[in-house]
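A short write-up of the structure that comes next.
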Amino acid sequence: MVERLTEAALTALKRSERRGDTEVMRTLLASIGNDIANDGSVEEVREFSLLLMRMIASIDHESVAGKGSLIDWADPENDKMLKEGLFKNRFPEKSHGSQSSFGATS
62 MVERLTEAAL TALKRSERRG DTEVMRTLLA SIGNDIANDG SVEEVREFSL LLMRMIASID
122 HESVAGKGSL IDWADPENDK MLKEGLFKNR FPEKSHGSQS SFGATS
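In my numbering, each residue carries its 1-based index in the sequence shown increased by 61.
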């Protein structure tokens, strides 16, 4: 059971990273770090460590370029979430009505 949770958490982390959503990625890293460190396989701990290092670089980037600057608004999952209003609290400037974000820059 723990293995499946660890695998699912790593999948969610990689998906958040692909979308450029460092805030979600940071939340996931903080919430599952101990579980992966204590119960993950050697490969899962390695993968988690690499994700954590990339997350540090992402946080550094956003501290200069601004919150959300890495979000890929053209990513289909982000576009769907935008249309569903799931970004309205975090990025109200992007969440006007049900407009498409394709072509938007980050």
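For every residue, glycine included, the Cβ atom is placed at its ideal position computed from N, Cα and C.
Values in this document were obtained by computation on a predicted structure and should not be read as measured data.
Evaluate the contact criterion for the stretch 92 to 99 versus the stretch 67 to 81: three or more CB pairs, one atom per stretch, below 8 Å.
By the Cβ rule, the stretch 92 to 99 counts as touching the stretch 67 to 81, because three or more pairs are nearer than 8 Å.
Exposed or buried, which one is D82 when buried takes at least 16 other CB atoms within 10 Å?
D82 is buried by the Cβ-count criterion.
Going straight from the alpha carbon of S130 to that of E123, what length do you get?
Those two C-alpha atoms are separated by around 6 Å.
E84 versus S77 - alpha carbon distance
Rounded to whole angstroms, the gap between the alpha carbons of E84 and S77 is 9 Å.
May I ask you to report which of helix, strand or coil DSSP gives T67?
Shown here, T67 sits in a helix according to DSSP, grouped into three states.
For M86 and E145, the rounded distance between their alpha carbons:
Those two C-alpha atoms are separated by around 20 Å.
Beta carbon of L71 nearer than 7 Å to that of E104
Their beta carbons are not under 7 Å apart, which means L71 does not touch E104 by this criterion.
I think L112 touches L74, with their Cβ atoms under 8 Å apart; what is that distance to the nearest whole Å?
So it is a contact: roughly 5 Å between Cβ atoms.
Endpoints, alpha helix (DSSP H) assigned at R107
For R107, the enclosing alpha helix (DSSP H) stretches over residues 103 to 126.
Alpha carbon to alpha carbon, how far is K141 from S156?
Near 11 Å, if we compare the C-alpha coordinates of S156 and K141.
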